[in-house]
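Reviewing the structure listed below.
Numbering (the numbering used here), first residue to last: 1 to 202.
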């Protein structure tokens, strides 16, 4: 288990599959709110407090992502107090994210989010070196989201793609349905090729 402080109100915790095995938790069970998972959560909170000073006080947002080979990434964010209506909207959005990540298929669709277009251009050129194809680019909440469906990334290159994408961005819990509904589709279906053709590296 590794803890990384991302800011005053956010930490990232990396759990290997060995960490889960030692606690008798299988890969599907991590998504359930059973006793062993609750105990694991409080162990993570204790380690985060001891190593970074991060302390749970009030509402938090918990995002969990499975990695094909590394394990599980858990991002915990301390939230300010929210009005009831905003709290309900947050819960609804998190529910959609959880549903998207609940698939047992580790090689399914996924989305990465980037702070600016320069990061998108750099990652597209890096992916193109591995003959990557496809990708749909969205602009949502002032950031760029690059979505790949399960047919665009072959299993043999899956880990390589993830490593490259993680160099420039972060895995996003935002579903494609949310992006289609509330985001702006910038490039549809061939984003990697389009970006590399029209935006040379500086």
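Note that the Cβ used here is the ideal one computed from N, Cα and C, for glycine as well. Here the structure is a predicted model, which is why all the values come from computation and not from measurement.
Where residue i sits in the DSSP three-state scheme
| i | result |
| --- | --- |
| residue 203 | With the chain represented from 1 up to 202, any question about residue 203 goes unanswered, as that position is not in the structure. |
| residue 29 | helix |
| residue 114 | strand |
| residue 1 | coil |
| residue 65 | strand |
| residue 165 | helix |
| residue 23 | coil |
| residue 73 | strand |
| residue 142 | coil |
| residue 148 | strand |
Closest by C-alpha distance to residue i, when choosing among the options
| i | options | result |
| --- | --- | --- |
| residue 78 | 61, 70, 72 | 61 |
| residue 56 | 43, 129, 148 | 43 |
| residue 67 | 187, 177, 172 | 172 |
| residue 36 | 129, 19, 50, 150 | 19 |
| residue 117 | 111, 109, 168, 64 | 168 |
| residue 72 | 194, 30, 123 | 30 |
Residue i classed as buried or exposed, judged by whether at least 16 other C-beta atoms fall within 10 angstroms
| i | result |
| --- | --- |
| residue 163 | exposed |
| residue 182 | exposed |
| residue 2 | exposed |
| residue 198 | exposed |
| residue 129 | exposed |
| residue 170 | buried |
| residue 201 | exposed |
Whole-angstrom C-beta distance between residue j and residue i, which should lie under 8 Å
| i | j | result |
| --- | --- | --- |
| residue 135 | residue 191 | 4 Å |
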